Structures are given as structure tokens and as C-alpha cells.
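See structure below.
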Amino acid sequence: MHLHKYEKIWLTLGLGSLALFLLIIGFAAFWKGTHPQSHIETIDPQNVEAYEAFKPENLGVREVADGKYIVNMVASAFNYDFGTDIDEKAVKTIRIPKDSTVLYQITSKDVVHGFQVAGTNVNMMVEPGHISRYETVMKNTGTFTVVCNEYCGVGHHQMYGTVEVYE
Ligand code: CUA
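Okay, so the sequence shown: first residue is 13 according to the working numbering, each after it adds one.
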């Protein structure tokens with residue numbers, strides 16, 4: 013079989029980029045620990061309260077063991093529900109001590125939202141009907157802004173929160 017010179021170049025480029033992309037995926041998955049945040053767990057978006065983690069009293073941050081935390085949240089247009097404090101005021105800041113392991117659990121009541129803790133590796137897509145989970149160790153102290161990075165409507169820019177990692 014005779015291959016034209018240009019055809020060989022294109023084939024090399026095509027196969028080369030395929031190999032390169034697979035290498036990048038492999039590096040991200042096995043070396044950097046990047047993986048899909050969900051375990052294909054479904055939930056009724058009309059009734060997220062039926063799920064233990066998303067009951068209003070269970071929202072927000074909770075210490076479950078020494079150095080282990082769970083953060084439960086419900087996203088909706090255009091708000092992140094982190095629960096309320098003792099004065100019944102909506103919580104907007106999650107406070108976590110440095111080097112603790114945090115499991116973030118979030119679902120959506122309506123449309124697709126994002127949940128990104130800017131400056132960390134926490135970045136999830138939040139889909140109605142699914143539970144997004146991501147566990148990580150908060151290694152750096154600081155105040156990190158939570159942003160919705162999926163355009164969800166006119167109030168998209170109003171979806172925010174803060175994660176404070178303290179010493
Ligand atoms: Cu929620 Cu954009």
C-alpha cells in the first residue's frame with residue numbers, strides 16, 4: 013500500500029496527538045488523582061430533603077471524625093444553601109482547619125450549576141438528579157471563593173460562597 017507523503021504526516025500528527033491526550037489523561041488520573049466526582053448516584057431534584065445529607069439541618073460543614081469533615085450543600089438558581097447558623101441566618105462561609113480531609117457533597121434542585129472553590133482542586137459540575145461528591149485535603153490556608161462556573165441563568169454571577177481554611 014502506497015501512502016502519500018502528506019497522508020503520512022497527517023496520520024503521524026493524528027496518532028501523535030491521540031497518544032499525547034491519552035498520556036495527559038493518564039497523568040491526571042493516576043498521578044494527580046483527578047477523577048469524576050460522582051458515583052452515578054441519583055436523587056429526586058424535587059425532593060432533595062428526602063436524602064439524609066440534604067435535610068436542612070444537615071447542610072453546611074460538620075466534623076465527622078478527628079480531622080475529617082463533610083460539607084453538604086444544595087445548589088439552586090441562584091444560591092448555594094450551606095444551611096443556617098444559630099441566628100437562623102444563611103451561612104455563606106465554611107470554616108475548615110488546615111490539613112483536614114473534606115468531603116464535599118452537593119446536588120441541584122433545578123438546573124446544572126458548578127461548584128468551584130477557586131484556588132483549590134475542588135471543581136464539580138452539579139446536575140439535578142445527581143449527587144456530586146469530591147473528597148480532598150485542604151492543604152493551604154486562606155480564604156477561597158466559591159463560584160458557580162456553569163452558566164445557569166440571569167443570577168449566575170450571584171452564586172457565591174467562601175471557604176476559609178485556617179491554621
Ligand atoms: Cu449556578 Cu451559574
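A virtual CB, placed ideally from N, CA and C, is assigned to each residue, including glycine.
Please read these numbers as outputs of a predicted model, since none were measured by experiment.
Cβ-Cβ distance between residue i and residue j below 8 Å
i: residue 108; j: residue 81; result: yes
i: residue 74; j: residue 115; result: no
i: residue 90; j: residue 164; result: yes
i: residue 55; j: residue 142; result: yes
i: residue 171; j: residue 118; result: no
i: residue 148; j: residue 134; result: yes
i: residue 105; j: residue 174; result: yes
i: residue 155; j: residue 110; result: no
i: residue 87; j: residue 127; result: yes
i: residue 150; j: residue 112; result: yes
i: residue 94; j: residue 79; result: no
Counterpart residues of residue i in DSSP-defined beta bridges
i: residue 59; result: None, per the DSSP bridge assignment.
i: residue 105; result: 174
i: residue 156; result: 175
i: residue 140; result: 120
i: residue 146; result: 116
i: residue 46; result: Note: residue 46 sits in no beta bridge, so no partner.
i: residue 135; result: 128
i: residue 24; result: BP columns for residue 24 are empty, so no partner.
Handout entry: Residues surrounding the ligand CUA [beta-carbon distance to nearest heavy atom under 5 Å]
Key = 125, 160, 164, 168 and 171
Practice task
Entirely within the segment 70 to 100 and at least 3 residues each: give me those beta strand (DSSP E) ranges in chain order.
Solution key: 72 to 77, 80 to 88 and 91 to 93
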